[in-house]
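Student: Numbering (the working numbering), first residue to last: 8 to 415. Ideal Cβ placement from N, Cα and C applies to all residues, glycine included. This structure is in structure tokens; I'll ask about it shortly.
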């Protein structure tokens, strides 16, 4: 078993050497990658910086600015680590550093599949971590003190992180009957305001023998779900809560990025899509809402979450976004439209009830999918949280899953 170790070894060699010594004492091999670009490496390496920059198609890296060198090193290390993994040589990956090392190390980690142990010892582990973690299962390990020499603090942190990696690698090698379940995997998306729908659909699918992984549609949730789709770990997609698109289009804080829905569309997997919680855009506390949105209709979900109702114009743009992604679909696809309402806040007497805005959304989807009559557009009279709607969504997906699958 081998662990890939990554650092800029002109400044972090002593620290990475401490990690390597722990792994060696535990009987684990290591593959040390030097991602530095300035002074000489402080310890012996297995993959030199020249190979790293060659993998990023860079010659003469010594002339690069610091920012350029970090970006290219991230590209090169990621390419090398992916190749090592394809060769069956990666049982885990550990990196350490400040902002540069964290950028480089986490770039490579995010490129590896779910389940591969990933530990990043970082000075930035307690700050804004989403750019580093994304939808990955990597572990950010706070360095507490700067990664600058060995002392009573850094040595403790480094050794604890190294032993954590030892435990993960060894534990992953043991039989894991639960993780290796033969039940086909279905991914689903949920928000608090679509919980009744997704919970009902999940229970029906589970009763038919499927394992349903539910992701909270908070930006990273959608990214994590689509990461599993790209990794080939999924048999079907029940993407009923596409609210992250509203944040991407309008400018909320829970966007999953401009490629939301495209992983499923390009996968060829059967997928059932709906419009759950596209009536809202997410912000933090009310005082953090951007000035251009002042005067809009808001609902304070709690002290840290403020929801803003989408307008007909915004819903038109949201529907167009959804349709543009889905017309790329190469597998069985259905879009279910709940004409009775698209979230718990969108119902008669509820704060976000706005039939005209929903109509704009539905019309944009209908028009955007007009070139793909093979994509099923199923309009239902129920509210999204009506059990009948949830049952229809689950049954539609089940009808497309292979009959050879357990429970199908």
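Determine the DSSP secondary structure at residue 218, reduced to helix, strand or coil.
Tutor: Residue 218 falls in the strand class under three-state DSSP.
Student: I'd like to know whether the C-beta of residue 348 is nearer than 8 Å to at least one C-beta of chain D.
Tutor: Annotation note: the requested chain D is absent from the structure, which comprises a single protein chain.
Student: Below 7 Å CB to CB, which residues in the same chain sit around residue 217 once its five sequence neighbours on both sides are set aside?
Tutor: The residues are 190, 191, 193, 414.
Student: With DSSP as the reference, label residue 278 as helix, strand or coil.
Tutor: DSSP places residue 278 in strand when its eight states are reduced to three.
Student: For the structure I just gave you, are there three or more beta carbon pairs, one from the segment 201–208 and one from the segment 389–408, closer than 8 Å?
Tutor: In short, these stretches touch, since the Cβ pair count reaches three.
Student: With DSSP as the reference, please indicate the residues paired to residue 198 in a beta bridge.
Tutor: None; residue 198 has no bridge partner.
Student: If we ignore side chains and look at the alpha-carbon of each, how far apart do residue 149 and residue 130 end up?
Tutor: Those two C-alpha atoms are separated by around 6 Å.
Student: Within this structure, are the beta carbons of residue 325 and residue 376 separated by less than 8 Å?
Tutor: No.
Student: Excluding the five sequence neighbours on either side, which residues of its own chain have a C-beta within less than 6 Å of the C-beta of residue 120, listed in chain order?
Tutor: Once the five neighbours on either side are set aside, the close Cβ partners of residue 120 are 238.
Student: Out of 133, 153, 146, 68, which one is the CA nearest neighbour of residue 105?
Tutor: Of the candidates 133, 153, 146, 68, the one whose C-alpha sits nearest the C-alpha of residue 105 is 153.
Student: Runs of 3 residues minimum, wholly inside the segment 28–77: which ones carry the beta strand (DSSP E) assignment?
Tutor: Listed in chain order, the complete beta strand (DSSP E) runs (minimum 3 residues) inside the segment 28–77 are 36–41.
Student: Distance check for residue 220 and residue 42, CA to CA, integer angstroms please.
Tutor: Roughly 36 Å between the two C-alpha positions.
Student: Give the straight-line distance between the Cα atoms of residue 393 and residue 225, rounded to the nearest whole angstrom.
Tutor: Each residue's alpha carbon lies about 23 Å from the other.
Student: So, residue 257 versus residue 227, is the Cβ gap smaller than 8 Å?
Tutor: No.
Student: Would residue 156 and residue 21 be called neighbours here (beta carbons separated by less than 8 Å)?
Tutor: In contact: residue 156 and residue 21 (Cβ atoms closer than 8 Å).
Student: Below 8 Å CB to CB, which residues in the same chain sit around residue 171 once its five sequence neighbours on both sides are set aside?
Tutor: Excluding sequence neighbours, residue 171 sits near 126, 146, 148.
Student: Excluding sequence positions up to five away, which residues of its chain have a Cβ less than 7 Å from the Cβ of residue 321?
Tutor: Once the five neighbours on either side are set aside, the close Cβ partners of residue 321 are 256, 257.
Student: Measuring only the C-alpha atoms, how far is residue 100 from residue 266?
Tutor: Approximately 27 Å between the Cα atoms of the pair.
Student: Tell me where the alpha helix (DSSP H) around residue 240 begins and ends.
Tutor: Here residue 240 belongs to no alpha helix (DSSP H), and DSSP marks it neither H nor E.
Student: Can you have a look at residue 323 and say buried or exposed, based on whether 16 or more other CB atoms are within 10 angstroms of its CB?
Tutor: Counting Cβ neighbours within 10 Å, residue 323 comes out buried, since at least 16 surround it.
Student: Going by CA-CA distance only, name the one from 232, 253, 252, 254 that's closest to residue 245.
Tutor: Of the listed residues, the one whose Cα sits closest to residue 245 is 232.
Student: Does residue 186 come out as helix, strand or coil in the three-state DSSP assignment?
Tutor: Confidence is the limiting factor: at residue 186 the pLDDT is only 46, short of 50, which leaves the residue's position unreliable and the question unanswerable from this model.
Student: In whole angstroms, give me the CA-to-CA distance for residue 269 and residue 158.
Tutor: When rounded, the distance between both Cα atoms is 47 Å.
Student: Output needed for residue 339: all residues of its chain with C-beta closer than 6 Å, excluding positions within five of it in sequence on either side, in chain order.
Tutor: The answer, listed in chain order, is 277, 407.
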